[in-house]
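Student: Its first residue numbered 550, the sequence shown is counted upward by one per residue in the working numbering. Here a beta-carbon is modelled for each residue, glycine too, at the ideal position from N, C-alpha and C. Small disclaimer: the values here were computed from a predicted structure and weren't measured.
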Amino acid sequence: MPILCYEISGDSSPNERSTTGAEDGHIAAVIKGDHQEASAQLYSELAANRLAMFLGIPVLVGVPARRSIESTALRFAALRAAEAGLDIYDFTDEDRGDGDEDEDAEDAVEVPEGVYRNTGHVRAMAALCAKYPLEAAAIAVFDLWIGNEDRALNFKGQIRGADRGVIFALDQGSSLLSCRSTVDSSIDLLSRQDYPSFHPFQKLVNARYCGAMVERVVSMPDWAIEAATVYQDTVGNVILPDQYQCYEALRERKTILGGLVDRVLF
Ligand SMILES: Nc1ncnc2c1ncn2[C@@H]1O[C@H](COP(=O)(O)OP(=O)(O)OP(=O)(O)O)[C@@H](O)[C@H]1O
Ligand SMILES: [Mg+2]
């Protein structure tokens with residue numbers, strides 16, 4: 550499978566100390582922070598990204614970032630995928646696809662009853678899940694665990710052609726302590742066994758692969774969840790006690806994940 554690369558932007562110059570030809574350069578990124586609609590977006594993006602990296606979920610890598618001149622304002626930089634030259638279907642585009650589009654690769658797939666239709670792209674979504682069943686299952690189960698109701702319009706992938714390509718999810722900014730606009734309302738929601746109540750990949754994922762993914766999440770050690778969710782300091786608007794609440798909520802959600810997956814995805 551082709552490796553997902555990130556986009557080098559602008560010019561690079563030789564790194565003066567390097568003896569092996571390293572260069573000083575720039576990587577393109579989408580840079581996000583907290584917002585009044587999403588007071589814990591920065592923390593949630595960061596924590597979700599670290600959880601995803603541990604579990605091997607195909608989400609775009611993101612890192613904490615700041616400008617060297619303003620030392621306090623923390624940002625989250627989602628590294629930009631290098632999409633040039635690749636035929637990537639853009640599910641983040643709100644204007645594409647009403648479910649009846651006549652794309653050749655997408656025509657071949659069947660769309661089962663009960664799929665998620667609210668954002669369009671239905672045939673393309675079915676084609677994507679058919680082509681990348683493992684990755685789709687991984688993303689769907691992960692979203693249910695971290696309480697991400699905002700996966701629709703937040704992934705992309707190469708659908709056309711028989712060869713395998715890349716698939717990736719982006720924007721976990723509406724999960725964890727940011728699944729609602731405030732931290733408290735998010736924690737309330739995370740404690741519920743019936744949240745989230747839908748997913749764009751519902752009815753399109755493979756039960757065996759989802760079961761394996763649930764196993765992977767359930768066997769994730771506490772120390773790894775803690776390392777991803779608890780920092781030594783306030784992160785954006787999120788203070789340490791809230792970070793511990795997020796950690797506890799995720800541990801608790803492990804115990805309900807199997808049932809949630811059965812109800813929402815099948
Ligand atoms: N790392 C990335 N690589 C490529 N494209 C990206 C990346 N991050 C974001 N985008 C593009 O920018 C758009 C907006 O980014 P993002 O979804 O993270 O912002 P947002 O403020 O959460 O928006 P929304 O609330 O609409 O989801 C995405 O829908 C996607 O098209
Ligand atoms: Mg988005």
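(1) Where do the N-terminal and C-terminal ends of the alpha helix (DSSP H) with S735 fall, by residue?
(2) Name, in chain order, the residues that DSSP records as bridge partners for R629.
(3) Could you check if D651 is buried or exposed, using at least 16 other CB atoms within 10 Å of its CB as the buried criterion?
(4) Just how far apart, CA to CA, sit E684 and P607?
(5) Let me check you understand the geometry: is the CB of N697 closer than 7 Å to at least one non-hydrogen atom of ligand 2?
(6) Can you find at least 3 beta carbon pairs, one from the segment 757-764 and one from the segment 618-633, that sit closer than 8 Å?
(7) Can we count D720 as close to ligand 2, meaning its CB is less than 7 Å from some heavy atom?
(8) Go ahead and label E594 buried or exposed: buried means 16 or more other beta carbons lie within 10 angstroms of its beta carbon, across all protein chains shown.
(9) Would S724 and I695 qualify as a contact pair, given that the criterion is a beta-carbon distance under 8 Å?
(10) Can you look up V813 in the DSSP assignment and give me helix, strand or coil?
(11) Name the residue from K803, L753, L814, V732 whose alpha carbon lies nearest to the alpha carbon of P493.
(12) How about G669 and R624: do their beta carbons lie closer than 8 Å?
(13) Exposed or buried, S831, counting other C-beta atoms within 10 Å across all chains shown (16 or more means buried)?
Tutor: According to the structure shown:
(1) Position 186 of the sequence shown holds residue 735. Where S735 is concerned, the enclosing alpha helix (DSSP H) stretches over 732-739.
(2) Against the sequence shown, residue 629 aligns to sequence position 80. In the DSSP output, where bridge partners are listed per residue, R629 has none listed.
(3) The residue given as residue 651 occupies position 102 in the sequence shown. In this predicted model, D651 has a pLDDT of only 46, less than 50, meaning its place in the structure is not dependable; the value taken from the coordinates is given anyway. Per the 10 Å Cβ criterion, exposed.
(4) Sequence index remark: in the sequence shown, residue 684 carries index 135 (1-based). Sequence index remark: in the sequence shown, residue 607 carries index 58 (1-based). So the alpha carbons of these two residues sit roughly 7 Å apart.
(5) Residue mapping note: residue 697 aligns to position 148 of the sequence shown, counting from 1. Because no heavy atom of ligand 2 lies under 7 Å away, the Cβ of N697 does not count as near it: no.
(6) no
(7) In the sequence shown, residue 720 corresponds to position 171, counting from 1. Answer for D720: yes, Cβ within range of ligand 2.
(8) Position 45 of the sequence shown, counted from the start, is the residue given in the question as residue 594. The residue is buried, with at least 16 neighbouring Cβ atoms inside 10 Å.
(9) Position 175 of the sequence shown, counted from the start, is the residue given in the question as residue 724. Position 146 of the sequence shown, counted from the start, is the residue given in the question as residue 695. Yes. Within cutoff.
(10) Within the sequence shown, the letter at position 264 stands for residue 813. Helix.
(11) As displayed, the chain neither begins before 550 nor continues past 815, which places residue 493 out of reach and without an answer.
(12) Numbered from its first residue, the sequence shown carries residue 669 at position 120. Numbered from its first residue, the sequence shown carries residue 624 at position 75. Cβ atoms of G669 and R624: not closer than 8 Å.
(13) Beyond the ends of the chain as shown, which are 550 and 815, falls residue 831; an answer cannot be given.
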